[in-house]
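Chains as they are written, first to last, in the working numbering: chain A, 1 to 199; chain B, 200 to 398. C-beta: ideal position from N, C-alpha, C; glycine also. The structure displayed is predicted, hence computed values, not measured ones.
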DNA sequence: TGTTATCTGTACTGTTCGGTATTGAAAGTA
DNA sequence: TACTTTCAATACCGAACAGTACAGATAACA
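Structure below.
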């Protein structure tokens, strides 16, 4: 669908780079805190170029969010493949500390920082973020259910509760990082959280 | 200073009720997501009345925040007086579950939901919230330091880390509540978090 | 070398934002 | 009753918001 005839004036900017710049701005300021002027300045393009390449502000945010999920958050996929439930939790939580304190990016997690509370007009974005968080948590729960079947988690363990616990800690870490918590501080939080897991 | 002569037309609205209404709106929509129109409609007063009684939007938010800290968050003060570190953690975390799921209020915690990410103009509010969260965490740390001296926490315990852990879980719970987590679900998260505390 | 399709840049749209000038109403004081 | 003080309500301000019309520029195609 991008393979149409190449007739006409070619695009003068790299859409991938522009999307990455937009992602950075949304990550730092949140959906509502970001203006189109913020975006066009960071992306180095004009408004009509932005609209023709990405649709409107909401479309652009969703595209940036997808890029984020497939980029910075890809560590989650690997974490879920760890051999034990404790290993999964370790990789998730330590992975989160690195992601949320990467000096190349704003602190915290876009799925938390993007739109926790907002006006009615941004409500669809808020819900999209909540749905993505819930989907991630469900993936963790499924992994823990498997771990329980495999005897890797004790028989009295509750996979849903453990998944929610891990999610809650990661989301709290986003708030902490946004408030200036250092990488070392978050790692010590993770060490404590991991006491909940056998192994 | 409110006891000046009562000359002149008296105020036609209850400032306390109006402030409570403003708090509810800020709590639900966040600082930037709330417009002056949202506020005046909820408070049942006109703009000039709002400005004369509360100053500008930022002043009003700070007043609402103080009301919040002295009202809904007052359970923290009681929690810190529990006899043991574990008791403190229990009261903090279970208190948070009730506060964040009180059907009379929006879900979550205003100090988290108010302004996690925002534009430059709201940056002072963002920092105020971060400072208040840090102050609360410091209070918990001091309480845990005392517990360690009293032998109530083991000698190898790190009060600062434990305080950050409890804060992190509470902040994560705010995100969870904002996403629709139920009271029972949050209570089970708390049960897991409390495994970190001896007793 | 035209023609056509697409992009870029300027300048603009209507709307909403936070904040205020102004006028008239309502109370206490004399 | 006349006066002073304070509040309430309308109507407005300039600025910023998301989004777009339009004209000029640049490429592939015939």
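- Counting C-beta pairs closer than 8 Å gives three or more between the region 371-384 of chain B and the region 111-131 of chain A, which meets the contact rule.
- Taking each of B/251, B/353, B/389, B/397 in turn and checking the Cα distance to residue 291 of chain B, the smallest one comes out for B/389.
- Around the beta carbon of residue 244 of chain B, 16 or more other beta carbons lie within 10 angstroms, which makes this residue buried.
- Sequence-distant partners of residue 252 of chain B (beyond 5 residues in either direction) whose C-beta falls short of 6 Å from its own C-beta, in its chain, are 214.
- Within the region 152-182 of chain A, contact with chain B at the beta-carbon level (separation under 9 Å) is assigned to 158, 160, 161, 162, 164, 165, 167, 168, 169, 170, 171, 172, 173, 174, 175, 176, 178, 179, 180, 181.
- Beta-carbon to beta-carbon, residue 278 of chain B and residue 287 of chain B are separated by about 6 Å, close enough to satisfy the 8 Å threshold.
- Chain order gives the chain B residues near residue 196 of chain A as 391, 392, 394, 395, where near means a beta carbon separation below 8 Å.
- The alpha helix (DSSP H) runs lying completely inside the region 260-300 of chain B and spanning 4 residues or more are 274-278, 284-299, given in chain order.
- The alpha-carbon separation between residue 397 of chain B and residue 133 of chain A amounts to approximately 31 Å.
- Here residue 303 of chain B carries a coil assignment [DSSP, helix/strand/coil].
- Interface residue (Cβ-Cβ distance to chain A less than 8 Å): residue 303 of chain B is not classified as such.
- Burial state of residue 256 of chain B is buried, judged by a 10 Å Cβ sphere holding 16 or more other Cβ atoms.
- Contact between the region 381-388 of chain B and the region 156-173 of chain A is present: 3 or more CB-CB pairs across the two stretches fall below 8 Å.
- Under the three-pair Cβ rule at 8 Å, the region 124-144 of chain A does not count as touching the region 338-349 of chain B.
- Contact check for residue 238 of chain B against residue 249 of chain B passes: the beta carbons are separated by less than 8 Å.
- If only uninterrupted alpha helix (DSSP H) runs of at least 4 residues are considered, those enclosed by the region 357-397 of chain B are 358-377, 382-392.
- Using beta-carbon distances, residue 32 of chain A counts as an interface residue toward chain B, with a partner under 8 Å.
- The beta-carbon of residue 116 of chain A is placed less than 8 Å from the nearest beta-carbon of chain B.
- For residue 215 of chain B, the enclosing alpha helix (DSSP H) stretches over residues 214-232.
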